[in-house]
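**Student:** Pasting in a structure now, in structure tokens, and then I'll have a few things to ask.
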Amino acid sequence: AEGDSDEHETWDSSIKYLQELPLLTSIDDKLHHIVQAINILCTSVEAFYYHHIKTAVTLSADDVLSLFVYAMISAEVPCIYSQCRLMDHFIMEEAALGEEGYALATFDTALSAILALHQNESSLSP
163 AEGDSDEHET
173 WDSSIKYLQE
183 LPLLTSIDDK
193 LHHIVQAINI
203 LCTSVEAFYY
213 HHIKTAVTLS
223 ADDVLSLFVY
233 AMISAEVPCI
243 YSQCRLMDHF
253 IMEEAALGEE
263 GYALATFDTA
273 LSAILALHQN
283 ESSLSP
């Protein structure tokens, strides 16, 4: 249906924001892309619930984290760990206390979850 196409475009644009991280040279631009990716993910899920389930939904921080983990895995960003450390090291104090700081903390936590999943997979391999 037409609504499904819009939701996939929204999801795809969120993934695109993440995939563009290595191309950006400004820490502020990188942080802005993470904020945009998270906001788009949340809006996309809220729109899905509204259009398909006919109810409003409020996403918790855990919901956002789970969505973001999935988005980061889907985006397959090269050197994603380095991207995170770079932003973490150079974020301005004002930004760290605002929306950018929350987005970076979500990014960092999602990355830790992905690394933990990868370590668990490795330990299960013969």
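All residue numbers for the sequence shown refer to our numbering, where the first residue is 163 and numbers rise by one. All C-beta atoms in this analysis are idealised placements derived from N, C-alpha and C, irrespective of residue type, glycine included. The structure presented is a predicted model; accordingly, all values stated were derived computationally and were not measured.
#1: Would you tell me roughly how many angstroms separate the C-alpha atoms of D174 and E255, rounded to the nearest one?
#2: Express the C-alpha separation of Y179 and S188 in angstroms, rounding to a whole number.
#3: H280 to H251, Cα distance in whole Å?
#4: Tell me whether the beta-carbon of M132 lies closer than 8 Å to the beta-carbon of L193.
#5: What residue from D224, A223, V207, S222 has the CA that sits closest to H216's CA?
#6: Output the distance between the C-alpha atoms of F230 and A272, rounded to the nearest integer angstrom.
#7: From Q245, A223, H213, N201, pick the residue whose C-alpha is nearest to that of Q309; which is it?
#8: So for I235, helix, strand or coil by DSSP?
#9: Within the continuous alpha helix (DSSP H) that includes G244, where are the two ends?
**Tutor:** The structure says:
#1: The residue you call residue 174 lines up with position 12 of the sequence shown. The residue you call residue 255 lines up with position 93 of the sequence shown. Using only the alpha carbons, I get a separation of about 31 Å.
#2: Mapped onto the sequence shown, residue 188 falls at position 26. Mapped onto the sequence shown, residue 179 falls at position 17. Their Cα atoms are separated by approximately 14 Å.
#3: Your numbering for residue 280 matches position 118 in the sequence shown. Your numbering for residue 251 matches position 89 in the sequence shown. Cα to Cα, H280 sits roughly 24 Å from H251.
#4: As displayed, the chain neither begins before 163 nor continues past 288, which places residue 132 out of reach and without an answer.
#5: In the sequence shown, counting from the first residue as 1, residue 216 sits at position 54. It is worth fixing the name first, because residue 216 is Lys in this sequence and not His. Nearest C-alpha to K216: V207.
#6: Locating residue 230 in the sequence shown gives position 68, where the first residue counts as 1. Locating residue 272 in the sequence shown gives position 110, where the first residue counts as 1. F230 and A272: Cα-Cα distance of roughly 7 Å.
#7: Since the first residue shown for the chain is 163 and the last is 288, residue 309 is missing from the structure and cannot be characterised.
#8: Position 73 of the sequence shown, counting from 1, holds the residue named residue 235. I235: helix per DSSP, three-state reduction.
#9: Counting from one through the sequence shown, the residue named residue 244 turns up at place 82. Residue identity check: residue 244 is Ser in the sequence provided, not Gly. It spans 242-252 - the alpha helix (DSSP H) in which S244 sits, taken as one unbroken run.
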